Amino acid sequence: MFTHQTRRNPATILAALSLAFLACFAAAPGARADIIISPADSIQDAINASTPPHRIFLEEGVYQQSFNIDATGKKFTIRPVPGANVVIEAPLLSRIFNVENNGTSVKFQDITFRGGSPKDLPNNTNSGGAGRVINTNVSFFNCVFENNLCMVGRSQTTGLAQGGALYASGATLLLDNCTFIGNTVEARTKRFDGGTRTATGGALAAENSTVTLRDCIFESNTAKVRVNDNTVIGYAMGGALRLTESTATIERCKFLDNDALRDATNAPYSLIYAYGGAIFVYSPATNAPMNMTNSLVAGNRADSADYSTAGGIFFEKAAGSVIQCTIADNWSTHSFGGLFADSTSSVTVGNTITAGNTSQSPWSDIGGHYTSLGYNLFQEVNTPNLPHTDLKAVDPLFVDAAGGDYRLSPDSPAIDRGNTFTILGMNMLFDLDGEYRAVVAPGSAGGGLTATTLAGPAAVDIGAFEFQPPAAPTSSCPADLTGDGQVGSADLAQVLSSWGVCP
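In case it helps, the numbering used here puts the sequence shown at residues 786 to 1288.
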């Protein structure tokens, strides 16, 4: 008996076999199994259901939900599908995420975290408006934290709020190209409570952690103690950042228009301290350092009618360094508008500009227990015995400080007055704009900072920005060598006069 068989295209057979093989492979334990979800799906369910390599992709949209990664042992990556804009908003009176005791690393990428506002605990403490990272290694790449709030306001004798957007404890934290904007940490009182209130880290508070901030912006964040019809002692510290017993590396970051402030109504006997309009560093037990390079700290405020210090950076019982930075136009109600280190701190400052900072004290730019490495520009300073390489009582001549442009104008005295060897040792070859730290001779290939292209130890500029000479104008008529708008005999004469072998 004859049986008819349909012939199949060999390519079709191969494709079918390949799909079958891939289906079997994907179902096997340990195989790649990415999860793609939409705003209608649950991020928490995806976390619970994921298998290695635990990659969760979010489709375009706003996700109104919160989630926990707690002791899962899974190495997560959570990010949008390529090209999608993703916002995660917190439900009412909630923070967006908790990552705690996870055992392996977690990575977030290209996500905006918005509107977190967790309810304070019964003991009147709270931390991390958008999220908390506890005893875990977590990285954030190209993320935005905006308009998050961490607040305490119960009727208690004490209250502590930490991290308007993010709080870390015992963590290893990396933030790369992230923005913190409009976040608030607030400690308030009910009427007639009394006691003590502390608000610290308007954007980020970290304790007993290792923190790396790279190419980040902290703008318009606030640490606030709010008092109404009451008598309390309060502390508003670190309008953008509070570091406690934490080793921190800050590279190419901007801290702009942040506040540590007192907000009081009918509280004449309250005493509110405001310290560090941008950054507050405290490490009495471990002496863990904060090292900042190539960064801008500008327009920040420590504002309290009772007492305030350091509109920019405050070091208390702490160690650190500030190298190749610009600290400008910060303001403190009482003392040291720019940078202050107390008598128990050990802080070094080099290749840095402090200028335009204001306060009620006669020395507003920088003060306290710091050591100059030389090659700084201090516009207003009263520290004795500074190195002769420091420029004192000198205007740095920014391009437009009033407009927020702290680059150097062509006639700035800070140009070529920095110590090149300092930054070579720290591998800081680029400035805050990503421009080369030294300009090589015209016609040289590549450019950049190397030991062989430097004229000497004072070849780089002081401050966060390296002056970049304007590019030579390009002609729409390259044959017009004389620049008279015509191509003629004069141009030909230039060519003929140069005829021959190039030197």
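Quick reminder that beta carbons are idealized off the backbone N, C-alpha and C, glycines included.
Model, not experiment: these values are computed from the prediction.
- Straight through space, the alpha carbons of ARG1192 and ALA1052 are spaced by roughly 42 Å.
- Around ALA1025, the same chain offers GLY987, ALA988, PHE1003, ASN1006, PHE1040, ASN1043 and ALA1063 as residues with beta carbons nearer than 6 Å, after the five sequence neighbours per side are excluded.
- Around the Cβ of SER823, a 10 Å sphere holds fewer than 16 other Cβ atoms; the residue is exposed.
- Spatial neighbours of ALA825 in its own chain (CB-CB distance under 6 Å, excluding positions within 5 residues in sequence) are not present.
- ILE919 places its beta carbon less than 7 Å from that of GLU885.
- Straight-line measurement puts the Cα of CYS1038 at about 29 Å from the Cα of SER851.
- In summary, VAL1107 is buried, with 16 or more beta-carbon neighbours lying within 10 Å of its beta-carbon over all protein chains present.
- Here the alpha carbons of ARG1011 and THR1118 stand approximately 17 Å from one another.
- Scanning its chain for C-beta atoms nearer than 6 Å, with the 5 sequence neighbours on each side dropped, one finds around PHE1099 the residues TYR1060, GLY1061, PHE1065 and PHE1125, in chain order.
- The alpha carbon of LEU1046 has as its nearest neighbour, out of TYR952, THR1111 and TYR1058, the alpha carbon of TYR1058.
- In the same chain as VAL1132, and ignoring 5 residues on each side of it, the C-beta atoms closer than 6 Å to its own belong to PHE1100, GLY1105, ALA1126 and TYR1155, in chain order.
- The three-state reading of DSSP puts ALA946 in strand, counting E and B together.
- Beta-bridge pairing by DSSP links SER954 to ILE919 and GLU992.
- C-alpha of ASP1196 to C-alpha of PHE1252: approximately 10 Å in a straight line.
- If you draw a straight line from the Cα of PRO838 to the Cα of ALA1140, it comes to about 50 Å.
- Within the same chain, and ignoring the five residues on either side of THR921 in sequence, the residues whose Cβ sits closer than 7 Å to its Cβ are VAL884, GLU885, ASN886, ASN887, VAL891 and ALA956.
- The beta carbon of SER1149 sits closer than 6 Å to those of GLY1122, ASN1142, THR1143 and GLU1165, all from its chain and outside the five residues before and after it, given in chain order.
- By the 16-neighbour rule on beta-carbons within 10 angstroms, LYS1009 is buried.
- Taking C-alpha positions only, ILE881 is separated from THR942 by approximately 28 Å.
- Taking the C-beta atoms as reference points, GLY967 is found no nearer than 7 Å to GLU992.
- Judged by beta-carbon spacing, ALA950 lies beyond the 7 Å limit of PHE926, meaning their Cβ atoms are not closer than that value.
- Following the DSSP letters along the chain, one finds ILE832 inside the alpha helix (DSSP H) bounded by residues 828-834.
- Contact annotation: ARG982 and GLY1019 have beta-carbon atoms nearer than 7 Å.
- In the structure shown, the three-state DSSP call for PHE1206 is helix.
- Annotation for ASP1048: the continuous beta strand (DSSP E) segment containing it runs 1044-1050.
- Judged by beta-carbon spacing, ARG999 lies beyond the 7 Å limit of GLU1030, meaning their Cβ atoms are not closer than that value.
- Judged by their CB atoms, ALA834 and ILE841 are not nearer to each other than the 7 Å cut-off.
- For secondary structure counted as the alpha helix (DSSP H) over 4 or more consecutive residues, the region 1130-1199 holds no complete run.
- The region 1064-1127 is shown to contain whole beta strand (DSSP E) runs of 3 or more residues at 1064-1067, 1074-1078, 1081-1083, 1086-1088, 1092-1094, 1098-1101, 1104-1108, 1111-1113 and 1124-1126, in chain order.
- Burial state of GLU971 is buried, judged by a 10 Å Cβ sphere holding 16 or more other Cβ atoms.
- Inclusion of GLY979 and ILE1138 in the CB contact set at 7 Å is not warranted, their separation being larger than that value.
- The continuous stretches of alpha helix (DSSP H) do not include LEU1056, which lies in the beta strand (DSSP E) extending over residues 1056-1060.
- Annotation for LEU1281: the continuous alpha helix (DSSP H) segment containing it runs 1274-1282.
- When secondary structure is reduced to three states using DSSP, ASP1218 falls in the coil class, being assigned neither helix nor strand.
- Here ASN883 carries a strand assignment [DSSP, helix/strand/coil].
- For ASP855, the uninterrupted beta strand (DSSP E) run begins and ends at 852-855, by DSSP.
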